[in-house]
Amino acid sequence: MSSPDLLPLDTPAASAALVALRDVHLTFGTTPVLRGIDLDVHRGQAVSIIGPSGSGKSTLLRCISGLLRPQRGSVTVDGIRVDQLTTEADTIALRKRIGFVFQQYNLFPHLSVLDNLTAAPVRVLGRTKQEAEADAHALLKKVGLADKAHAYPGQLSGGQQQRVAIARALAMRPELILFDEVTSALDPETVGEVLNVIGELVDDGLTCVLVTHEMAFARAISDAVVFTEHGVVVERGPAEQVFSSPVSARTRAFLSRALSGHTGTRPPAYAPWHAAFASAAFAV
Ligand SMILES: Nc1ncnc2c1ncn2[C@@H]1O[C@H](COP(=O)(O)OP(=O)(O)OP(=O)(O)O)[C@@H](O)[C@H]1O
Ligand SMILES: [Mg+2]
1 MSSPDLLPLD TPAASAALVA LRDVHLTFGT TPVLRGIDLD VHRGQAVSII
51 GPSGSGKSTL LRCISGLLRP QRGSVTVDGI RVDQLTTEAD TIALRKRIGF
101 VFQQYNLFPH LSVLDNLTAA PVRVLGRTKQ EAEADAHALL KKVGLADKAH
151 AYPGQLSGGQ QQRVAIARAL AMRPELILFD EVTSALDPET VGEVLNVIGE
201 LVDDGLTCVL VTHEMAFARA ISDAVVFTEH GVVVERGPAE QVFSSPVSAR
251 TRAFLSRALS GHTGTRPPAY APWHAAFASA AFAV
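Residue numbers in the sequence shown follow the UniProt record's numbering, run continuously in steps of one, and reach 284 at the last position.
Following this line, the structure appears as structure tokens:
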């Protein structure tokens, strides 16, 4: 974790945020999904977005990565106006710099783990096969899968496949990674191994935005937490503050539902931070 809080939106330093969203509005058909979102993420920060299903969390991540274009407001990543990209080349250039890991790992089933990790660095970034393979082996070691380089995705557990997907995103050396509920499709016993990997990346200073239903995890690793509902930010602040003394009654209600499992939230299966945080995570 780095700085303790999101900087206030109106300070000059806010313009130096790696990710800056201002008054972002997005409507699908006649359904307003994002209704004026402001968000800053600074380099080295881990920011978690929590909120009920349908509140617009995935839509927000898609706006940051340029997959969706808001009708109003601005989305800036490292000074680039993502919402104004017009050419395919510019969009591809942006995507090279942003990793995106989804609930579904989407590995290439016909490629080995090693080839899954090296395909894009070789084809898109122009790395030599040798360089890309050296990188891939180091990344597999980092995610605890050094011995799986020559396995195929179908031979791996869900948790292992998700760790490969994270390593594949890292192989592009992104400046920012977006994680969208990466543990939601996993068996409970493999959730912890994926969360541990993400926790280590955050400790290493990776800038990331996480959408997660793992409340104890969000509390443990985030510099800041943003609670969204009905397309607006209801509350934001340092993780400790949002979890231990939320200002909004809506946040309090959401967190207490999360505790009772009514949002689909479940405590992590195992993780170094679990014992320390699990009992305190829902003290609201
Ligand atoms: N491509 C789309 N076309 C039309 N409506 C969409 C589209 N994508 C999302 N929506 C709608 O936008 C709203 C917000 O969806 P989003 O996926 O961002 O929510 P979420 O907060 O990520 O929810 P969850 O926690 O269930 O993943 C939902 O009502 C959803 O049905
Ligand atoms: Mg979602």
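Each residue gets a CB set at the ideal place from its N, CA and C atoms; glycine is no exception. The model shown is predicted, which means the values in this text are computed figures rather than measured ones.
Expected contact under 8 Å - CB spacing of His-25 and Leu-39 to nearest Å
Against the sequence shown, residue 25 aligns to sequence position 25. Against the sequence shown, residue 39 aligns to sequence position 39. With 8 Å as the limit, His-25 and Leu-39 do not qualify as a contact, their Cβ atoms being about 13 Å apart.
Is the beta carbon of Asp-223 less than 8 Å from the beta carbon of Gln-45?
Here residue 223 refers to the residue found at position 223 of the sequence shown. Here residue 45 refers to the residue found at position 45 of the sequence shown. Yes; because the gap between Cβ atoms is below 8 Å, this pair is in contact.
Near Pro-174, which residues of its chain fall below 8 Å by C-beta distance, leaving aside the five closest residues on each side in sequence?
Locating residue 174 in the sequence shown gives position 174, counting from the first residue. Counting only Cβ-Cβ distances below 8 Å, and skipping sequence neighbours, we find Lys-96, Arg-97, Ile-98, Gly-99.
Just verifying my parser: in three-state terms, what is the DSSP assignment at Ala-17?
Counting from 1 along the sequence shown, the entry for residue 17 is found at position 17. In this structure, Ala-17 counts as coil in the three-state DSSP scheme.
So, are the CB atoms of Ala-216 and Val-225 less than 8 Å apart?
To locate residue 216, count along the sequence shown from 1; it is residue 216. To locate residue 225, count along the sequence shown from 1; it is residue 225. Taking 8 Å as the Cβ cut-off, Ala-216 and Val-225 do not qualify as a contacting pair.
Should Val-101 and Ala-165 be called a contact, given that it needs their Cβ atoms to be closer than 8 Å?
Indexing the sequence shown from 1 puts residue 101 at position 101. Indexing the sequence shown from 1 puts residue 165 at position 165. Closer than 8 Å, so yes.
Using a 10 Å radius around the Cβ and a threshold of 16 neighbouring Cβ atoms, would you call Leu-210 buried or exposed?
Your numbering for residue 210 matches position 210 in the sequence shown. So Leu-210 counts as buried.
Going by the DSSP bridge assignment, what does Gly-51 pair with across the sheet?
Counted from its first residue, the sequence shown places residue 51 at position 51. DSSP output for Gly-51 lists no bridge partner at all.
Between the CA atoms of Phe-254 and Arg-43 - distance to the nearest angstrom:
Counted from its first residue, the sequence shown places residue 43 at position 43. Counted from its first residue, the sequence shown places residue 254 at position 254. So the two alpha carbons sit approximately 29 Å from each other.
What residues are listed by DSSP as bridge partners for Cys-63?
Residue 63 sits at position 63 when you count from the first residue of the sequence shown. BP columns for Cys-63 are empty, so no partner.
For His-213: DSSP bridge partner residues
Your numbering for residue 213 matches position 213 in the sequence shown. None; His-213 has no bridge partner.
If you measure from each CB to the nearest heavy atom of ligand 2 and keep those under 7 Å, what residues do you get, in chain order?
Lys-57, Ser-58, Asp-180, Glu-181, Val-211
Below 6 Å CB to CB, which residues in the same chain sit around His-150 once its five sequence neighbours on both sides are set aside?
Residue mapping note: residue 150 aligns to position 150 of the sequence shown, counting from 1. Only Ser-112 meet the Cβ criterion.
What does the alpha-carbon distance come out to for the pair Ala-169 and Asp-83?
If you number the sequence shown from 1, residue 169 lands on position 169. If you number the sequence shown from 1, residue 83 lands on position 83. Those two C-alpha atoms are separated by around 22 Å.
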